[in-house]
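Student: My structure is below; once you've seen it, I'll send some questions.
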Amino acid sequence: MNILKEKNFRNLMIGKFSSLLGSNMQQFALSLYVLSITGSALIFSSMLAISIIPRILLSPVGGVFGDWFDRKKTIIRLDLINGFLIGGFALYFYINGGMSLISIYVLVFLLEIVEIFFDSAMGAVIPSIMPKERLLEANSIKSMIDSISNIASPLIASSLYAFFGMQLLLIINSISFILSAILEMTIEVPKYNKEPEKLDFNNFKKDFISGITVLKKHKILVNIIGFGVFLNFSIGPLLSVGLIFLFFKVFHSTEIQYGVLTTCIGISMLLAPVIVGKKAKSMDIGKLAIQTFFAISIIILLIAFFSSNIFINYFDTTLVPMLAIGIMVCIVTLLSTIVNISLGTLLQTIVPRDFISRVGSVMNLGLLASIPLGQILFGLLVEKVSISLTIIFVGIIVLLATIYFKKPFITNEQEEESCNINFSPLKAKS
């Protein structure tokens, strides 16, 4: 935690926590509000699903812009835009006595567009202000802040919404973004951006292609993205669609039981950065990634067995298989989060700082696009076969992906770009 003594990083994290907590609280409250005015939680979830479209379309643009413009000014301006935008909708709520479904759609879409450009710039700020040997520790703190926000926001938002309603949540979120912008004004961010003399499509195309060239030059980056796509395609649907189906359709659990599980998952995500932070200097990230996902594939296959009728029917109650699967899911979440932090740090270490936004946007685009495809296929398989066979399929994908990517991630050679952190996964498949 000594890293928090550094003013730049501390103020950046406080600002991030402020805006993230406000956003998560608002999103949770909006889901309750939509449910109250429409009677359907599906409408809001579909709204969030549709909002992925601008992220897929605009991520490449956001990546180039993140490397073009001053990153400090960008995140300050975008936080202020978010603050005033949400404040405007709070005023709209006050004048009209509520929000229409259309206005909620507009708000969600506008915030998503702003977030695309903010994330591209913000993703390059931490590697710009922190030395490479401290990036793993910095990313661990960032992950911890994300987890705390994810755990705390539903608890706070539900209480505030119950007593004061939606309008107060909008006001709080507006203030949180403005507070974040004020804190960001106090940090010093080295200027690695390279703004072209003329802002036109030709320069955009040239700089976007140069970002792809960086990926091709460092094959390990291509392997990280490829590995991540396979994992998101398989594990993502299991932890979202699969868990809900298992607990409510197979085990017939209560909302309270499922709530306990999601809380435990949140705690697992909170523990991961603590473990990474303590082991940061001794971690061999290549071996860690492969060994961890090999273990995860075995655990997923065990989950498949524990969700089968053979195992469930052995007990008089579903509590035992439910508890066993819950523990294993928490372990999978813990291990996945540890590797995500580590591989994200590896990417930041290798990529030149003036290319981070472009490379990061390409990576996020691939990872993002793989999730809905995996969810669709997972849902189809559950309907056509069974949940246990579908989970076996997921486990096999993770196992095969781990075997395929083992060679580029575990090697005795080490690229120069790996710097001072003990990264061994640096010879790629050609």
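Residue numbers for the sequence shown follow full-length UniProt numbering, beginning at 1 and rising by one. We treat Cβ as the ideally placed atom computed from N, Cα and C, and that holds for glycine.
1. Is the beta carbon of PHE248 closer than 8 Å to that of THR318?
2. Considering only their Cβ atoms, is the gap separating ILE75 from GLU184 smaller than 8 Å?
3. Going by C-alpha to C-alpha distance, which of LEU367, THR345, PHE355 sits closest to ILE141?
4. Pull up the CB-CB distance for PHE227 and GLY374, whole angstroms please, since I reckon it's below 8 Å.
5. With 16 as the cutoff for other CB atoms within 10 Å, does LYS217 come out buried or exposed?
6. Applying the 10 Å Cβ sphere with the 16-neighbour rule, what's the burial state of LYS72?
7. Using a 10 Å radius around the Cβ and a threshold of 16 neighbouring Cβ atoms, would you call TYR314 buried or exposed?
8. In three-state DSSP terms, what is ASP146?
9. For SER430, which residues in the same chain have their Cβ closer than 7 Å to its Cβ, ignoring the five residues on either side in sequence?
10. Are PRO273 and MET144 closer than 8 Å when you measure CB to CB?
11. Answer yes or no: do VAL125 and VAL214 have a C-beta to C-beta separation smaller than 8 Å?
12. Just checking, does the region 361-379 make contact with the region 284-301 on the three C-beta pairs under 8 Å criterion?
13. Leaving aside the five residues before and after CYS419 along the sequence, list all residues of the same chain whose C-beta is less than 6 Å from its C-beta, in chain order.
14. Residues in its own chain within less than 7 Å of ILE299 by CB, not counting five upstream and five downstream?
15. Roughly how many whole angstroms lie between the Cα atoms of GLU415 and SER128?
16. My guess is that ARG358 and GLY83 are in contact by the Cβ rule of under 8 Å, so how many angstroms apart are they, rounded?
17. Distance, Cα to Cα, LYS7 vs ILE187?
18. If you count every other CB in all the chains shown that lies within 10 Å of the CB of LYS194, and 16 or more means buried, which is it?
19. What is the DSSP secondary structure of TYR192, counted as helix, strand or coil?
20. So ILE224 and GLU137 are in contact, right, with Cβ under 8 Å, and what is the actual spacing, rounded?
21. I need the DSSP call for GLY344, collapsed to helix, strand or coil.
22. Tell whether a beta-carbon distance below 8 Å holds between SER297 and THR402.
23. When DSSP labels each residue in this structure, what does MET99 get in the three-state scheme?
24. Can you tell which of ILE356, VAL276, PHE311 has the C-alpha that lies nearest to the C-alpha of SER336?
25. Looking only at its own chain, which residues have a Cβ that is under 7 Å from the Cβ of ASN173, when we skip the five neighbours before and after it?
26. Just how far apart, CA to CA, sit VAL211 and LEU343?
27. In terms of residue numbering, what span does the alpha helix (DSSP H) encompassing LYS205 cover?
28. Nearest to ARG134 by alpha carbon, out of SER253, ILE43, GLN167, ILE341?
29. Under a three-way DSSP split, which group does LEU352 fall into?
30. Expressed to the nearest angstrom, what Euclidean distance is found between the alpha-carbon atoms of MET130 and ARG10?
31. If I follow the unbroken alpha helix (DSSP H) through ILE391, where does it start and stop?
32. According to DSSP, is LYS249 part of a helix, a strand, or is it coil?
33. Which whole runs of the alpha helix (DSSP H) in the region 45-119 are 4 residues long or more, in chain order?
34. Using 8 Å as the Cβ pair cut-off and three pairs as the minimum, do the region 90-99 and the region 385-393 touch?
35. Is the separation between the beta-carbon of GLY366 and that of VAL229 shorter than 8 Å?
Tutor: According to the structure data:
1. Sequence index remark: in the sequence shown, residue 318 carries index 318 (1-based). Sequence index remark: in the sequence shown, residue 248 carries index 248 (1-based). For THR318 and PHE248, no; Cβs fall outside 8 Å.
2. Numbered from its first residue, the sequence shown carries residue 184 at position 184. Numbered from its first residue, the sequence shown carries residue 75 at position 75. Yes, they are a contact pair.
3. By one-based count along the sequence shown, residue 141 stands at place 141. For the residues LEU367, THR345, PHE355, the minimum Cα distance to ILE141 belongs to THR345.
4. Your numbering for residue 227 matches position 227 in the sequence shown. Your numbering for residue 374 matches position 374 in the sequence shown. Their Cβ separation, rounded to whole angstroms, is 14 Å, which puts PHE227 and GLY374 out of contact at 8 Å.
5. As a working mapping, residue 217 is identified with position 217 in the sequence shown. With fewer than 16 other Cβ atoms within 10 Å, it is exposed.
6. Stepping through the sequence shown from its first residue, residue 72 is reached at position 72. When all chains shown are included, LYS72 counts as buried.
7. Reading the sequence shown from its first residue, position 314 is the one you call residue 314. Result: exposed.
8. Counted from its first residue, the sequence shown places residue 146 at position 146. Residue state, collapsed to three classes: helix.
9. Sequence index remark: in the sequence shown, residue 430 carries index 430 (1-based). Residue confidence is low: SER430 scores 33 on pLDDT, short of 50, so the model does not pin down where it sits. Its coordinate-derived value is still stated next. Around SER430: LYS219.
10. Counted from its first residue, the sequence shown places residue 273 at position 273. Counted from its first residue, the sequence shown places residue 144 at position 144. For PRO273 and MET144, yes; Cβs fall inside 8 Å.
11. In the sequence shown, counting from the first residue as 1, residue 125 sits at position 125. In the sequence shown, counting from the first residue as 1, residue 214 sits at position 214. Not closer than 8 Å, so no.
12. no
13. Stepping through the sequence shown from its first residue, residue 419 is reached at position 419. Reliability fails at CYS419, whose pLDDT of 38 lies under 50, so the model's placement of it is uncertain and the value that follows must be treated cautiously. Excluding residues within five positions, the ones whose Cβ falls inside 6 Å are LYS132, THR349.
14. Taking the first residue of the sequence shown as position 1, residue 299 is located at position 299. The residues are MET328, ILE331, VAL332.
15. Here residue 415 is taken as the residue at index 415 of the sequence shown, counted from 1. Here residue 128 is taken as the residue at index 128 of the sequence shown, counted from 1. Only weak support is given to the placement of GLU415: the predicted model assigns it a pLDDT of 46, under 50, and the question is left unresolved by the model.
16. As a first step, residue 358 is located in the sequence shown; it is residue number 358 there, counting from the start. As a first step, residue 83 is located in the sequence shown; it is residue number 83 there, counting from the start. Not confirmed; about 27 Å, so no contact.
17. Position 7 of the sequence shown, counting from 1, holds the residue named residue 7. Position 187 of the sequence shown, counting from 1, holds the residue named residue 187. Computed Cα separation, rounded: 7 Å.
18. Position 194 of the sequence shown, counting from 1, holds the residue named residue 194. Flag for LYS194 reads exposed.
19. Your numbering for residue 192 matches position 192 in the sequence shown. Here TYR192 sits in coil by DSSP.
20. Taking the sequence shown and counting its residues from 1, the one referred to as residue 224 is at position 224. Taking the sequence shown and counting its residues from 1, the one referred to as residue 137 is at position 137. With 8 Å as the limit, ILE224 and GLU137 do not qualify as a contact, their Cβ atoms being about 20 Å apart.
21. Residue 344 sits at position 344 when you count from the first residue of the sequence shown. GLY344 falls in the helix class under three-state DSSP.
22. Residue numbering aside, residue 297 sits at position 297 when the sequence shown is read from its first letter. Residue numbering aside, residue 402 sits at position 402 when the sequence shown is read from its first letter. Yes, Cβ-Cβ distance for SER297 and THR402 is below 8 Å.
23. If you number the sequence shown from 1, residue 99 lands on position 99. It is coil, neither helix nor strand.
24. Taking the sequence shown and counting its residues from 1, one reaches residue 336 at position 336. Checking every option, the nearest Cα to that of SER336 belongs to VAL276.
25. Locating residue 173 in the sequence shown gives position 173, where the first residue counts as 1. Result list for ASN173: GLY22, SER23, MET25, GLN26, ILE86, in chain order.
26. Your numbering for residue 211 matches position 211 in the sequence shown. Your numbering for residue 343 matches position 343 in the sequence shown. In the sequence under discussion, the amino acid at residue 211 is Gly, which differs from the Val named in the question. One C-alpha to the other measures close to 19 Å.
27. Walking along the sequence shown from the start, residue 205 turns up at place 205. Per DSSP, LYS205 belongs to the alpha helix (DSSP H) from 201-217.
28. Taking the sequence shown and counting its residues from 1, one reaches residue 134 at position 134. For ARG134, the nearest C-alpha among the options comes from ILE341.
29. Start at 1 with the first residue of the sequence shown, and residue 352 comes out as number 352. Inspection of the sequence shows that residue 352 is occupied by Pro rather than by Leu. Three-state result, PRO352: coil.
30. Along the sequence shown, read from residue 1 onward, the residue named residue 130 stands at position 130. Along the sequence shown, read from residue 1 onward, the residue named residue 10 stands at position 10. MET130 and ARG10: Cα-Cα distance of roughly 11 Å.
31. Locating residue 391 in the sequence shown gives position 391, counting from the first residue. Unbroken alpha helix (DSSP H) run through ILE391: 387-404.
32. Looking up residue 249 in the sequence shown gives position 249. Correct three-state label for LYS249: helix.
33. 52-68, 71-96
34. no
35. Counting from 1 along the sequence shown, the entry for residue 366 is found at position 366. Counting from 1 along the sequence shown, the entry for residue 229 is found at position 229. Against a cut-off of 8 Å, the Cβ pair of VAL229 and GLY366 comes out as a contact.
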